[in-house]
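Peer 1:
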Amino acid sequence: MKPVLIIAIVAAAIIGVMFTPVSVYAETIEGENIGRNGIICITDPISTPQQDNRISVSLNAYAVNYDVNVIIQIDGKTVKNKDLATQRWTPVTGLFTISEKNSHTLGICLWKSAAGTDTRTLKFNDLNWDTFRIDPNEGGWIPAPQPTPQPTPSVEKYP
Numbered sequence: 000m001k002p003v004l005i006i007a008i009v010a011a012a013i014i015g016v017m018f019t020p021v022s023v024y025a026e027t028i029e030g031e032n033i034g035r036n037g038i039i040c041i042t043d044p045i046s047t048p049q050q051d052n053r054i055s056v057s058l059n060a061y062a063v064n065y066d067v068n069v070i071i072q073i074d075g076k077t078v079k080n081k082d083l084a085t086q087r088w089t090p091v092t093g094l095f096t097i098s099e100k101n102s103h104t105l106g107i108c109l110w111k112s113a114a115g116t117d118t119r120t121l122k123f124n125d126l127n128w129d130t131f132r133i134d135p136n137e138g139g140w141i142p143a144p145q146p147t148p149q150p151t152p153s154v155e156k157y158p
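So that you can map any letter, position 154 of the sequence shown is 153 in numbering that gives the first Met the number 0, and since no number is skipped, the others follow by simple counting.
1. Grouping DSSP H, G and I as helix and E and B as strand, with all else coil, what is Q72?
2. What do you reckon, are the CB atoms on G93 and V78 nearer than 8 Å?
3. Whole angstroms is fine: what's the gap from N101's alpha carbon to D82's?
4. Would you please state the rounded distance, in angstroms, between the beta carbons of Y65 and T85? I believe it to be under 8 Å.
5. In the DSSP assignment, what residue or residues form a beta bridge with I107?
6. Using C-beta distances below 7 Å, list every residue in its chain close to S46, excluding the 5 sequence neighbours before and after it, in chain order.
7. Less than 8 Å between the beta carbons of N52 and E99, yes or no?
8. Look up K58 in the DSSP assignment and give the residues it is bridged to.
9. Cα separation between P132 and C108?
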């Protein structure tokens with residue numbers, strides 16, 4: 000092969016890698032005038048079989064600003080607070096205990112840790128969750144027979 004052709008192939012491969020998106024679909028949480036330790040959440044109701052007592056959650060998060068964390072909430076309570084690298088997609092996962100009832104709320108939140116009132120942005124994609132039951136007598140789990148829905152977000156802002 001000629002050197003020019005090899006350089007062109009390598010350049011095309013590098014450009015292809017640089018512009019490959021993590022996902023086509025991404026939710027954005029954005030707010031301004033958020034005080035220090037301020038939080039903005041997108042919530043989604045979850046219907047679960049009444050006997051399920053665990054939920055696994057996974058997503059990729061992207062912080063535009065250095066002082067933004069992603070928080071996962073179940074029924075309004077923070078169960079995970081993840082520090083994010085600035086301008087880099089970060090996987091966030093967790094396995095959490097839930098009460099054995101048939102309705103819960105999953106919240107994905109932007110948490111701002113520094114002072115200042117300018118705009119803050121958090122993007123996330125590939126949100127997946129699944130509920131199941133862990134039986135302490137048997138030591139195993141039984142997955143719930145339900146698909147993961149696409150979220151229909153509503154935005155809540157806390158001072």
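All residues carry an ideal CB built from backbone N, CA and C; glycine is no exception.
Peer 2: Per the coordinate set shown:
1. strand
2. yes
3. 31 Å
4. 5 Å
5. I41, I71
6. N101, S102
7. yes
8. As written in the sequence, residue 58 is Leu, which differs from the Lys given in the question. Answer by DSSP bridge pairing, in chain order: V91.
9. Before going on, a small fix: residue 132 reads as Arg here, not Pro. Computed Cα separation, rounded: 26 Å.
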